[in-house]
Every structure is written in C-alpha cells, then in structure tokens.
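S.K.: Numbering (my numbering), first residue to last: 128 to 308. Think of the CB as a built atom: it goes at the ideal place given N, C-alpha and C, for glycine as much as any other residue.
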Amino acid sequence: MVTLTGNSVFLRALEPEDLIDIHRIENDERLWSVSETLVPFSIYSIKEYLSNAHKDIYEVKQLRLAICEVTSKTLIGLIDLFDYDPHNARAGVGILIESQENRGKGYGKEALALILNYGKTRLKLHQLYANILEDNEDSVQLFTNAGFVMVGIKKDWRRVGGEGVRFRESYKNELLFQYLL
C-alpha cells in the first residue's frame with residue numbers, strides 16, 4: 128500500500144502474530160503515562176483486541192497500525208487514530224516508538240507523515256490533534272516539527288505518581304496540539 132509506505136518505515140494492520148509485541152508494549156509501566164494505562168493487560172485481552180482489530184474505523188472510532196522498519200519488517204512501534212469523528216472530520220493521533228535505540232532515527236517523523244497523508248487522502252480528515260504531557264519534550268518536538276500547533280494547555284490534567292509510600296502524587300499539564308489538513 129503506497130499511502131502507508133515510506134523510505135524507512137511502513138504502517139500495516141495489526142496481525143495475530145503481533146500478540147507478544149503488543150502484550151509487551153501495553154504492559155511496560157514506563158509507557159503507561161503516555162497511554163493513560165493504569166492496569167496490566169492479559170494475553171487473553173490482547174488476543175481479543177487483535178481479533179477485533181479488523182473492524183472498520185467508522186464502527187470502532189479507532190485505527191491502530193503497526194510501525195515496521197522497511198528492511199527488516201520488524202515492528203518497532205504503534206500509531207493510533209482515535210476518537211474518530213467522521214461528521215467533524217477529525218481524529219486524535221498517538222504514536223509510540225518502543226525502543227529507545229529506535230528513537231531519534233526519524234521513524235516517528237516518517238510514520239506521522241504517513242498517517243497525516245492517509246488521514247487526508249483516504250479518510251478525508253480536516254484535522255488531527257494530539258494530547259502530550261508538557262514534559263514529553265521528544266513528542267512536543269516531533270509534533271511541532273510535523274506542523275502541529277499548540278492550541279491549548281489543560282492545567283493539572285493528568286495525575287502522576289502516588290503509587291506506594293515513597294512516591295508523591297502530583298499533576299501535570301497536558302498540551303493540546305492541532306494540525307489542520
């Protein structure tokens with residue numbers, strides 16, 4: 128599929144063979160703050176999710192794609208369109224490059240460009256938005272460089288920490304970025 132293929136990465140539908148990769152990613156507590164996850168996912172729940180991943184974006188209001196490296200075809204991350212609103216022609220977008228060693232190589236930039244093009248040409252979207260914690264400098268830079276504009280700050284939007292005795296609970300601002308296609 129030309130629309131979802133770049134020079135370094137391509138985006139593809141999720142496959143049953145992605146079960147172990149997605150289970151690992153979804154259960155990595157270091158990533159929970161960006162996905163708003165609070166509890167671990169079982170292999171059974173991921174398997175159920177994958178069995179329904181083929182459903183149409185118009186039905187489930189979400190599209191999750193694997194980001195794969197072109198040469199090795201290895202899954203290196205995930206990109207999502209969520210809260211799809213066909214009436215207002217908009218959706219949220221989220222991206223994750225799993226391994227630190229694969230970050231900073233342009234994979235996220237290219238995957239984001241591919242999903243922007245797909246949203247415009249195939250879904251006829253008018254806009255995409257992203258919610259980013261204010262201290263996630265890499266994501267702020269990625270989305271800003273892709274042409275997203277910060278349009279708002281949601282004060283004390285996300286509660287972080289608070290687990291156990293030694294962690295102190297606090298709140299972080301979430302930045303709202305928008306891209307008009």
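Return the chain-ordered ranges of every beta strand (DSSP E) run that is complete within the region 203-255 and spans a minimum of 3 residues.
M.R.: 217-224
S.K.: For S226, which residues of its own chain have a beta-carbon under 8 Å away from its beta-carbon, when the five flanking residues on both sides are left out?
M.R.: Walking along the sequence shown from the start, residue 226 turns up at place 99. The beta carbon of S226 lies closer than 8 Å to those of I203 in the same chain, with the five residues before and after it left out.
S.K.: Answer yes or no: do A218 and H253 have a C-beta to C-beta separation smaller than 7 Å?
M.R.: Residue numbering aside, residue 218 sits at position 91 when the sequence shown is read from its first letter. Residue numbering aside, residue 253 sits at position 126 when the sequence shown is read from its first letter. Cβ distance not < 7 Å, so A218 and H253 don't count as in contact.
S.K.: Using alpha carbons as the reference points, say which of R230, I224 and S160 lies closest to Y298.
M.R.: For the purposes of this step, residue 298 is taken as the residue at position 171 of the sequence shown. If we check each option's Cα against that of Y298, S160 comes out closest.
S.K.: Skipping 5 residues on each side, what residues in its chain have a beta carbon closer than 7 Å to that of L269?
M.R.: For the purposes of this step, residue 269 is taken as the residue at position 142 of the sequence shown. Closer than 7 Å at Cβ, skipping near neighbours: G235, K236 and L239.
S.K.: Please report how far the alpha carbon of T305 lies from the alpha carbon of G246, in whole angstroms.
M.R.: Mapped onto the sequence shown, residue 305 falls at position 178. Mapped onto the sequence shown, residue 246 falls at position 119. Rather than Thr, the amino acid found at residue 305 in this sequence is Gln. When rounded, the distance between both Cα atoms is 14 Å.
S.K.: Taking DSSP as the reference, what is the three-state secondary structure of N272?
M.R.: By 1-based counting over the sequence shown, the position of residue 272 is 145. Of the three classes helix, strand and coil, the one that applies to N272 here is helix, per DSSP.
S.K.: Consult DSSP for D283 and reduce its assignment to one of helix, strand or coil.
M.R.: As a first step, residue 283 must be located in the sequence shown, where it is residue number 156. Secondary structure of D283 (DSSP, three-state): strand.
S.K.: At the level of alpha carbons, what is the spacing between I173 and E264?
M.R.: Taking the sequence shown and counting its residues from 1, one reaches residue 173 at position 46. Taking the sequence shown and counting its residues from 1, one reaches residue 264 at position 137. Straight-line Cα distance between these residues: approximately 30 Å.
S.K.: For the ligand COA, is there any heavy atom lying closer than 6 Å to the beta carbon of A240?
M.R.: Of ligands this structure carries none, so the ligand COA is not represented either.
S.K.: Could you compute how far the alpha carbon of D145 sits from the alpha carbon of N272?
M.R.: The residue given as residue 145 occupies position 18 in the sequence shown. The residue given as residue 272 occupies position 145 in the sequence shown. Approximately 30 Å, taken between the alpha carbons.
S.K.: List the endpoints of the continuous beta strand (DSSP E) containing S297.
M.R.: By 1-based counting over the sequence shown, the position of residue 297 is 170. Per DSSP, S297 belongs to the beta strand (DSSP E) from S297 to L307.
S.K.: Could you please give the first and the last residue of the uninterrupted alpha helix (DSSP H) stretch that includes R139?
M.R.: Position 12 of the sequence shown holds residue 139. Here R139 belongs to no alpha helix (DSSP H); instead the beta strand (DSSP E) covers V136 to A140.
S.K.: With which residues is I194 paired in a DSSP beta bridge?
M.R.: Against the sequence shown, residue 194 aligns to sequence position 67. Partner(s): L138 and G204.
S.K.: Does the region 132-146 come into contact with the region 186-194, if we say contact requires no fewer than three beta-carbon pairs (one atom in each stretch) closer than 8 Å?
M.R.: yes
S.K.: Please state whether DSSP places V267 in a helix, a strand or coil.
M.R.: The residue given as residue 267 occupies position 140 in the sequence shown. Three-state result, V267: helix.
S.K.: Less than 8 Å between the CB atoms is what I'm expecting for S153 and T164, so what's the real figure, rounded?
M.R.: Along the sequence shown, read from residue 1 onward, the residue named residue 153 stands at position 26. Along the sequence shown, read from residue 1 onward, the residue named residue 164 stands at position 37. A quick correction: the sequence has Glu, not Ser, at residue 153. Sure, about 7 Å apart at Cβ, within 8 Å.
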